[in-house]
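These protein sequence lines are chains X and A, in that order. Per full-length UniProt numbering, the very first residue in the first sequence carries number 1; after that it's consecutive. Per full-length UniProt numbering, the very first residue in the second sequence carries number 1; after that it's consecutive. Cβ coordinates follow ideal geometry from the N, Cα and C atoms, glycine included. In this text, all values refer to a predicted model and were calculated from it rather than measured experimentally. Note sheet for the following structure.
Protein chains: 2
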Amino acid sequence: MATNGKATNIVWHKSSVGKLHRQELLQQKGCVIWITGLSGSGKSTLACALCQALYSRGKLTYILDGDNVRHGLNRDLSFKAEDRAENIRRIGEVAKLFADAGLICIASVISPYRRDRDACRTLLPEGDFIEVFMDVPLQICESRDPKGLYKLARAGKIKGFTGIDDPYEPPLNCELVLPQKGNNYASPCEMAETVISFLEEKGFLQA
Amino acid sequence: MATNGKATNIVWHKSSVGKLHRQELLQQKGCVIWITGLSGSGKSTLACALCQALYSRGKLTYILDGDNVRHGLNRDLSFKAEDRAENIRRIGEVAKLFADAGLICIASVISPYRRDRDACRTLLPEGDFIEVFMDVPLQICESRDPKGLYKLARAGKIKGFTGIDDPYEPPLNCELVLPQKGNNYASPCEMAETVISFLEEKGFLQA
Chain X
1 MATNGKATNI VWHKSSVGKL HRQELLQQKG CVIWITGLSG SGKSTLACAL CQALYSRGKL
61 TYILDGDNVR HGLNRDLSFK AEDRAENIRR IGEVAKLFAD AGLICIASVI SPYRRDRDAC
121 RTLLPEGDFI EVFMDVPLQI CESRDPKGLY KLARAGKIKG FTGIDDPYEP PLNCELVLPQ
181 KGNNYASPCE MAETVISFLE EKGFLQA
Chain A
1 MATNGKATNI VWHKSSVGKL HRQELLQQKG CVIWITGLSG SGKSTLACAL CQALYSRGKL
61 TYILDGDNVR HGLNRDLSFK AEDRAENIRR IGEVAKLFAD AGLICIASVI SPYRRDRDAC
121 RTLLPEGDFI EVFMDVPLQI CESRDPKGLY KLARAGKIKG FTGIDDPYEP PLNCELVLPQ
181 KGNNYASPCE MAETVISFLE EKGFLQA
């Protein structure tokens, strides 16, 4: 019997089919690939390329996209500070469930604050949270401006926009920084292969 | 560009690997089996039996247990009315993501209010929400009292306990009622087989 946050009298139910069984079925290990970076840095593009490259290897992935989740689970949240933190917290909790289900869960979210990302990392077993930083200068992201959001932010029509009038805190100790040094023009597919090499090396692509 | 609830400027990102691809990989169809009923009616037991029986057929399932989710995603929620509704809403949204990922997602939650369950149903494509009602009389649930909660509720130590001082609204039109009529002593395994027959018949156990 446990007390958790605001709820008491909750008993933990353990199922006899566990993570190991699911991993055996899928021939992979569940984990979270957390892609962080500015708007326009290529997070979603990398997520898609990664998803496709892993699918072609017979691996099961699922993308949690910051924007998409705001259409459903997080539709009650705004962009004010505490709601942004709650947005990341929930994505982290859901990503944890997907990893527990045995999937390679790809979270693609700006997640500008180090504290929020680190909180998600602590939800997972050591090594199962793979933080990928899209290290693309603001200037380049702004010149791409795929959704026209920087323009709106510069015009003052969006307040608290990451990189413009809200900070982005780059990771201090993440698993991967992309594009890799000296390869500024890496394609999404090349970057996906870099992530896959990491997964392979760490044993995530087998049970 | 869309406005959703409290957030604006959110673009929907479509991935090239979709639900059909994942279903092909898994050789099953994603869906939600929503098990509803009083505390002690056997929801978690059925969920486990179902999970095991499907695993032995090579199918990938994931259980969202009302109690377990309160340790993570929903740890900020209490048992007051609006938090109970939000608890169910979030479980419904997460179940939807799992079904979209291609899994047979088994939600095991008291979910006493018809309105909340119906709201979850509408999140999913027609036919993909399979509501299973554990139709066990209060008297029997209370005599089992596996967690000692009825005793606490009767003693007034838990307020708003479903079946005691908070209503349970049975489904009017659910897909399955268990135990089936005339088989009051069905074992969890037998009940799991009833659910599996339903899944088989509806084509969920193939891509």
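Under the 10 Å beta carbon count, ALA95 (chain A) is surrounded by 16 or more other beta carbons and is classified as buried. Straight across, the Cα-Cα distance linking ARG117 (chain X) with ARG22 (chain A) is about 28 Å. Excluding residues up to 5 positions away in sequence, LEU46, ALA49, LEU50 and ALA53 lie with their Cβ nearer than 7 Å to the Cβ of ALA192 (chain X) in the same chain.
The residues ILE35, THR36, GLY37, LEU38, SER41, GLY42, LYS43, LEU46 and LEU178, in chain order, have a CB closer than 8 Å to that of MET134 (chain X) in the same chain once the five nearest residues on each side in sequence are set aside.
The segment 153-163 of chain A makes no contact with the segment 57-65 of chain A: fewer than 3 CB pairs, one atom from each, lie closer than 8 Å. The segment 145-156 of chain A makes no contact with the segment 73-80 of chain A: fewer than 3 CB pairs, one atom from each, lie closer than 8 Å.
ASP100 (chain X) sits away from GLY203 (chain X), with the two beta carbons spaced by 9 Å or more.
Any Cβ of chain X closer than 9 Å to the Cβ of PHE204 (chain A) would place that residue at the interface, and such an atom is absent. Rounded to the nearest angstrom, the gap between the Cα atoms of PRO167 (chain X) and ASP83 (chain X) is 16 Å. The Cβ of LYS96 (chain A) sits closer than 9 Å to at least one Cβ of chain X. Rounded to whole angstroms, GLY66 (chain A) and LEU20 (chain A) show a C-alpha spacing of 28 Å.
Of all residues in the segment 13-31 of chain A, the ones placed with a Cβ closer than 8 Å to any Cβ belonging to chain X are HIS13, SER15, SER16, VAL17, HIS21, ARG22, LEU25 and LEU26, in chain order.
At least 9 Å separates the beta-carbon of ILE130 (chain A) from that of ILE196 (chain A).
In the DSSP assignment, THR61 (chain X) falls within the beta strand (DSSP E) that extends over 61-65. For ALA101 (chain A), a Cβ of chain X is located within less than 9 Å of the residue's own Cβ. CA-CA distance, GLU24 (chain X) to SER16 (chain X), rounds to 14 Å. For ALA207 (chain X), the CB contacts under 6 Å within the same chain, skipping 5 residues up- and downstream, are GLN23, GLU24 and GLN27 in chain order. Taking a beta-carbon distance threshold of 9 Å, GLY156 (chain X) does not count as an interface residue toward chain A. Per DSSP, GLU200 (chain X) lies in no beta strand (DSSP E) segment; the continuous alpha helix (DSSP H) that holds it begins and ends at 188-201. A straight line joining the alpha-carbon of LEU138 (chain A) with that of GLU86 (chain A) spans about 25 Å. Here DSSP, grouped into helix, strand and coil, assigns ALA99 (chain X) to helix. Taken through DSSP and simplified to helix, strand or coil, CYS48 (chain X) comes out as helix. Using a Cβ-Cβ cut-off of 7 Å, TYR62 (chain A) is close to ALA101 of chain X, given in chain order. For CYS141 (chain X), there is no enclosing beta strand (DSSP E); the residue is part of the alpha helix (DSSP H) that begins and ends at 138-144. In this structure, the CA atom of TYR185 (chain A) is about 31 Å from the CA atom of ARG70 (chain A). For LEU123 (chain X), the nearest beta carbon of chain A is closer than 9 Å to its own beta carbon. Bridge partners of ALA107 (chain A) according to DSSP: A:TRP34 and A:LEU64. ALA81 (chain X) counts as exposed, since fewer than 16 other C-beta atoms from the protein chains shown sit within 10 angstroms of its C-beta. For the options A:GLU93, A:ASN173 and A:GLY163, the alpha carbon positioned closest to that of ALA119 (chain A) is the one of A:GLU93. By the C-beta density criterion, ASN68 (chain A) is buried, having at least 16 other C-beta atoms within 10 angstroms. In the DSSP assignment, VAL177 (chain A) is bridged to A:PHE133. For GLN139 (chain A), there are no neighbours in chain X by C-beta distance under 7 Å, as the nearest C-beta there is about 21 Å away. One Cα belongs to ILE91 (chain A), the other to ALA107 (chain A), and the distance between them is close to 8 Å.
CA-to-CA, the gap between CYS105 (chain X) and PHE98 (chain X) works out to about 6 Å.
Assigned with DSSP and collapsed to three states, ASP76 (chain A) falls in coil, not helix or strand. For chain X, none of the residues of the segment 179-201 of chain A brings a beta carbon within less than 7 Å of one of its beta carbons.
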